[in-house]
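Working notes for the structure below.
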């Protein structure tokens, strides 16, 4: 048992991250007899499912919670849950310790889960940290002999924030090339697996991207659809150099092409801001680990908007655990929603929480809020292993997990994909229905 004033800074930060579950302070949680384990899990940690006591088994998945094996002390005749350092487990999940170790050895994974050890996959299936916090809350109430609500107040309601990344206003040659090649590669992989149905779907997609003509100016439609659903979203806009001024072939291929300072875009930004939407920054691919390149892009967007910009998400989810959030904070940004995967839905960081991320080097929290991205549109189309599965059916269990734990996440739907060229508009309609 440790007094709240004596608690280690990392453990204090961890409990601060759970403040939505104990809004009046974490003294009762810090006083729980949780053993202390200081072992770092490493890049490929051993994972264990620990059975919860019967008075809390509803908080687990089949009555169990996932933990790092290194957080378990010898049983000594106690139930396994009493020998687990739940706070250290939550810390290393929240801080992304296994991914950080992998990044330190091999570099950033560009937010592609397939580049990570398969051993980490179970960490992304559930909001394990939220479930751990719910268990600690229940445990403290059990120790006190009080109902949870009497000790901590009611459980929080889930907050699922709708967002958009604005990557294109028209079907540019570079988008046509990228999507055609990507779908041809998908077709080849499906053919190699002997999946004729998926091969035909991917070849049809490739033909559509190669030969369609496309106007991707969907802003009025987005406003109308969200207004009808009673929703307001955050839209992240690119404000790097436009068109051929992007310079290198790599930047032309990767970064959006539109000009945020154009009369068209200034008008659209005003329409969103005046209607109650939030405008955020979508940094160029190269502006990801240093405040220097972010600052002029932020300033350019603020000039076009006529007001401050506080929110952001990195283009292509170009992200480093060690450097990106620190750079964003240094650039004066206040809330980021990059933490997610390019190639799958899931809980990167094993949580559904707004947190100020831990700076491993400085030993303190960074001055920026971060909200994880649970999923985006392409997960249910480009990366759907079975082709065009029903997006609503695929999205529902992920949203159910967030609601079950009273968590906080963002979801992302690119504005240009609701056009006929992509054909993902019905999926967006389904998402609006799930969020309304």
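Residue numbers (my numbering): 132 to 567.
Every residue, glycine too, gets a C-beta built ideally from N, C-alpha and C.
All of these numbers come straight from a predicted model, not from anything done at the bench.
Residue i - partner residues in DSSP beta bridges
i           : result
residue 317 : DSSP output for residue 317 lists no bridge partner at all.
residue 203 : 215
residue 301 : 346
residue 179 : 198
residue 489 : 496
residue 467 : 443, 501
Coarse secondary structure for residue i, derived from DSSP in three states
i           : result
residue 403 : helix
residue 391 : coil
residue 198 : strand
residue 461 : helix
residue 540 : strand
residue 411 : strand
residue 192 : strand
residue 336 : helix
residue 293 : strand
residue 449 : coil
residue 341 : helix
residue 167 : coil
residue 525 : helix
Length of the line joining the Cα atoms of residue i and residue j
i           : j           : result
residue 431 : residue 391 : 8 Å
residue 224 : residue 339 : 41 Å
residue 536 : residue 342 : 45 Å
residue 132 : residue 510 : The predicted position of residue 132 is uncertain, since its pLDDT is 42 and thus under 50; no value can be drawn from it.
residue 286 : residue 538 : 10 Å
residue 373 : residue 507 : 25 Å
residue 329 : residue 312 : 16 Å
residue 563 : residue 528 : 15 Å
residue 263 : residue 482 : 10 Å
residue 551 : residue 206 : 59 Å
residue 559 : residue 567 : 12 Å
residue 300 : residue 346 : 7 Å
residue 142 : residue 367 : 33 Å
residue 477 : residue 438 : 33 Å
residue 522 : residue 514 : 12 Å
residue 381 : residue 321 : 28 Å
residue 202 : residue 403 : 47 Å
Residue span of the alpha helix (DSSP H) that contains residue i, given as start and end
i           : result
residue 425 : 422 to 436
residue 558 : 556 to 566
residue 140 : 140 to 148
residue 383 : 380 to 385
residue 283 : 279 to 283
Residue interval of the beta strand (DSSP E) (run including residue i)
i           : result
residue 368 : 365 to 368
residue 505 : 504 to 507
Every unbroken alpha helix (DSSP H) within the stretch 211 to 276, with a cutoff of 4 residues, ordered by chain: 217 to 225, 228 to 237, 259 to 275
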